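Visitor:
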Amino acid sequence: MKFETNAKLTAVLLAIQATPLTSTSETNVQGCYISDLLSDVLAHAQPGMLWATVQIHRNVVSVAATKDIPAVLFTCGRKPDANVIAEAEEEGITLLVTPLTTYEAAGKLWQAGLHE
Amino acid sequence: MVSAGDARKITIAQVLVYELRVRDAMSKPPITALPSDSLREIQKLMKRHKISGVPIQLGTKLLGIVTIEDIITALDQGHIDDLAEKRMAQGVITIRDHFSLVRAVAEFERHGFGRFPVVDSADRLVGVLTRGDITNCLMHQLEKRAEEAIAFEAAALASRAGDDLARRIVIRAPVRTGDYDSAGKVSQRLRQVLRERGIDPDVRRRAAIVAYEAETNIIIHSLGGEVTVAVDSDKVVIDATDVGPGIEDVNQAMQEGWSTAGRLPRELGFGAGMGLPNMKKCSDVFEIKSGNGQTTLVHSEVFLRKAASTP
Ligand SMILES: Nc1ncnc2c1ncn2[C@@H]1O[C@H](COP(=O)(O)OP(=O)(O)OP(=O)(O)O)[C@@H](O)[C@H]1O
Ligand SMILES: [Mg+2]
Chain A
1 MKFETNAKLT AVLLAIQATP LTSTSETNVQ GCYISDLLSD VLAHAQPGML WATVQIHRNV
61 VSVAATKDIP AVLFTCGRKP DANVIAEAEE EGITLLVTPL TTYEAAGKLW QAGLHE
Chain B
117 MVSAGDARKI TIAQVLVYEL RVRDAMSKPP ITALPSDSLR EIQKLMKRHK ISGVPIQLGT
177 KLLGIVTIED IITALDQGHI DDLAEKRMAQ GVITIRDHFS LVRAVAEFER HGFGRFPVVD
237 SADRLVGVLT RGDITNCLMH QLEKRAEEAI AFEAAALASR AGDDLARRIV IRAPVRTGDY
297 DSAGKVSQRL RQVLRERGID PDVRRRAAIV AYEAETNIII HSLGGEVTVA VDSDKVVIDA
357 TDVGPGIEDV NQAMQEGWST AGRLPRELGF GAGMGLPNMK KCSDVFEIKS GNGQTTLVHS
417 EVFLRKAAST P
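Protein chains in written order, with this note's numbering: chain A, 1 to 116; chain B, 117 to 427.
As structure tokens, this is what we get:
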């Protein structure tokens with residue numbers, strides 16, 4: 001399966017066996033940034049990207065919202081708690097979780113064409 | 117100029133009336149039982165968790181509640197081995213997690229219950245609220261505020277805000293040391309304000325990033341302080357002040373990768389040493405003043421029209 005550059009989130013889910021934690025809308029993501037360091041994401045991610053991380057603290061939602069990142073992918077099956085999910089719903093940010101490691105998820109996303 | 121005393125009064129009133137929500141006070145996650153659990157099992161659950169009411173849930177559906185009063189009645193009348201589904205109270209009245217505590221108190225008065233199951237906007241059970249939870253939450257907040265008041269007075273003295281600046285201030289928020297759960301609150305409000313005013317998204321993002329990095333630095337590295345944001349016709353002005361302990365070598369701190377963050381903030385994803393340099397990059401005007409054992413003052417201006425380099 002191949003993505004458009006502007007990949008629909010549902011296609012992303014399939015490629016990496018991810019499940020949504022929030023009520024997903026048909027969000028588009030453009031490219032992906034991988035980092036577990038918050039200020040690195042604020043400095044180097046681009047608005048509109050998917051962000052993959054193992055961090056599950058609520059700060060992830062604040063950072064995503066600050067940077068206009070529409071969707072966050074938690075790797076290694078790490079799930080944030082209910083407050084974090086509620087906060088993301090309020091901010092309109094989609095949260096996803098995949099059992100894959102960040103490396104595996106990145107490989108599959110790249111393979112599926114989620115890059116410019 | 118707004119005196120420190122005035123601002124203090126506003127802040128405390130806001131905290132009590134608007135800021136504190138049911139979700140801040142409730143016990144979470146909720147301890148629940150299945151309709152097929154016996155009252156005896158539920159009694160053990162209550163004892164183990166020191167709680168007085170257990171919502172009965174199947175999947176995500178809230179079916180009822182069993183309270184300590186139900187247990188006492190069951191013991192008295194000898195049906196403690198009955199299943200919850202037979203004895204639970206049904207048609208439970210819930211309370212929303214985003215309700216203010218003031219409203220929650222009114223709900224307790226109105227219904228006379230000892231507890232409410234708390235549901236979120238999607239009707240999912242997210243916690244349980246008792247009157248005791250409200251009292252504890254308020255006491256805890258008062259204690260925090262008392263500590264903050266001291267930090268705030270000092271920071272207000274250090275602040276250089278002049279008359280006209282004070283009038284344009286849209287956000288003035290105390291930031292507490294170690295309060296990772298509030299990180300991003302100033303930034304979030306700023307984003308709202310700028311969105312409402314139809315400010316260019318790139319400007320909004322850069323200003324929000326500066327505010328976010330400023331708050332987190334106060335939380336992680338200082339003993340407490342405050343962030344103020346003023347929005348002018350041509351720029352967003354962000355000032356962060358704290359009560360110390362200050363930065364010994366500001367040039368070193370401004371270098372990418374330099375961080376003294378400890379274990380906890382690093383576990384939470386802070387401590388890349390990229391906050392200050394990125395604040396500078398996002399700002400059109402950036403100043404930082406500090407010193408060993410001194411307050412740290414960070415001043416940033418983000419111009420509304422001309423864009424600086426986007427990170
Ligand atoms: N308000 C402050 N009070 C005292 N020290 C500070 C303050 N702000 C920054 N510092 C010092 O400057 C260093 C660099 O700050 P910077 O924001 O660039 O990185 P960081 O906060 O350590 O990590 P990051 O922002 O990437 O999560 C900090 O590690 C700390 O030593
Ligand atoms: Mg920092």
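Here a beta-carbon is modelled for each residue, glycine too, at the ideal position from N, C-alpha and C.
All of these numbers come straight from a predicted model, not from anything done at the bench.
Going by the DSSP bridge assignment, what does A:E89 pair with across the sheet?
Guide: A:E89 is not bridged to any residue.
Visitor: Taking B:G391 as the query, report the chain A residues whose CB atoms sit under 7 Å from its CB, ordered along the chain.
Guide: Ordered by position in chain A, the residues that pass the 7 Å Cβ test against B:G391 are S39.
Visitor: Would you report the Cα separation of B:F232 and B:V244, rounded to the nearest angstrom?
Guide: Spanning the two alpha carbons is a distance of roughly 6 Å.
Visitor: Is the Cβ of A:Q30 closer than 8 Å to any Cβ of chain B?
Guide: No, its Cβ sits nowhere closer than 8 Å to a Cβ of chain B.
Visitor: Given a limit of 8 Å on CB to CB distance, which residues of the segment 298-325 of chain B reach chain A?
Guide: Residues A299, G300, S303, Q304, R307, P317, R321, A324, I325.
Visitor: Can you find a CB in chain A that lies within less than 8 Å of the CB of B:V218?
Guide: No, its Cβ sits nowhere closer than 8 Å to a Cβ of chain A.
Visitor: Output, in chain order, the set of chain A residues within a Cβ distance shorter than 9 Å of B:L384.
Guide: In chain order: L38, Q55, H57, N59.
Visitor: Would you give the residue range spanned by the alpha helix (DSSP H) that B:Y328 belongs to?
Guide: Segment 317-337, the alpha helix (DSSP H) holding B:Y328.
Visitor: With H, G and I counted as helix, E and B as strand and the rest as coil, what does DSSP make of B:H214?
Guide: It is coil, neither helix nor strand.
Visitor: Is it buried or exposed, B:H227, if we count other Cβ atoms within 10 angstroms and call 16 or more buried?
Guide: Exposed: under 16 other Cβ atoms inside 10 Å.
Visitor: Within the same chain, show all residues whose beta-carbon is closer than 6 Å to that of B:V345, passing over the 5 residues directly before and after it, in chain order.
Guide: Excluding residues within five positions, the ones whose Cβ falls inside 6 Å are V286, I287, L306, I354.
Visitor: According to DSSP, is A:I56 helix, strand or coil?
Guide: Here A:I56 sits in coil by DSSP.
Visitor: In whole angstroms, give me the CA-to-CA distance for B:I196 and B:A190.
Guide: Cα to Cα, B:I196 sits roughly 5 Å from B:A190.
Visitor: Does any residue of chain A have a CB that is nearer than 8 Å to the CB of B:D295?
Guide: Output row for B:D295: interface = no.
Visitor: What does DSSP give as the partner residue(s) for A:A20 in the beta ladder?
Guide: The identity of residue 20 of chain A in the sequence shown is Pro, whereas the question assumes Ala. A:P20 pairs with A:L96.
Visitor: Helix, strand or coil, according to DSSP, for B:L254 in the structure here?
Guide: Of the three classes helix, strand and coil, the one that applies to B:L254 here is helix, per DSSP.
Visitor: If you measure from the CB of B:H337, is any heavy atom of ligand 1 nearer than 7 Å?
Guide: For ligand 1, at least one heavy atom lies less than 7 Å from the Cβ of B:H337.
Visitor: Flag B:T251 as yes when its Cβ comes closer than 7 Å to any non-hydrogen atom of ligand 2, and as no otherwise.
Guide: No - ligand 2 has no heavy atom lying nearer than 7 Å to the Cβ of B:T251.
Visitor: Just confirm the distance between the C-beta atoms of B:V170 and B:I188, as a whole number of angstroms; I'd bet it's less than 8 Å.
Guide: At roughly 14 Å, the Cβ-Cβ gap does not stay under 8 Å, so B:V170 and B:I188 are not in contact.
Visitor: Measure the alpha-carbon distance for B:S338 versus B:D358 and round it to whole angstroms.
Guide: Rounded to the nearest angstrom, the two C-alpha atoms are 7 Å apart.
Visitor: Quick one: what's A:Y33 bridged to in DSSP?
Guide: DSSP lists A:W51 as partners of A:Y33.
Visitor: So, at 7 Å on beta carbons, what are the nonlocal neighbours of B:G341 in its own chain, with the 5 sequence-adjacent residues on each side left out?
Guide: So the qualifying residues of the chain are A267, A271, V291, I334, A356, T357, D358, V359.
Visitor: Decide if B:Q368 is buried, meaning its Cβ has at least 16 other Cβ atoms within 10 Å, or exposed.
Guide: Looking at its Cβ environment, which holds fewer than 16 other Cβ atoms inside 10 Å, B:Q368 is exposed.
Visitor: Nearest by alpha-carbon distance to B:S102: which of B:L392, B:E372, B:I325, B:D297 is it?
Guide: Given that chain B is displayed from residue 117 to residue 427, the structure contains no residue 102 of chain B and the question cannot be resolved.
Visitor: If I follow the unbroken alpha helix (DSSP H) through A:G107, where does it start and stop?
Guide: Taken as a continuous stretch (DSSP letters only), the alpha helix (DSSP H) holding A:G107 covers 102-111.
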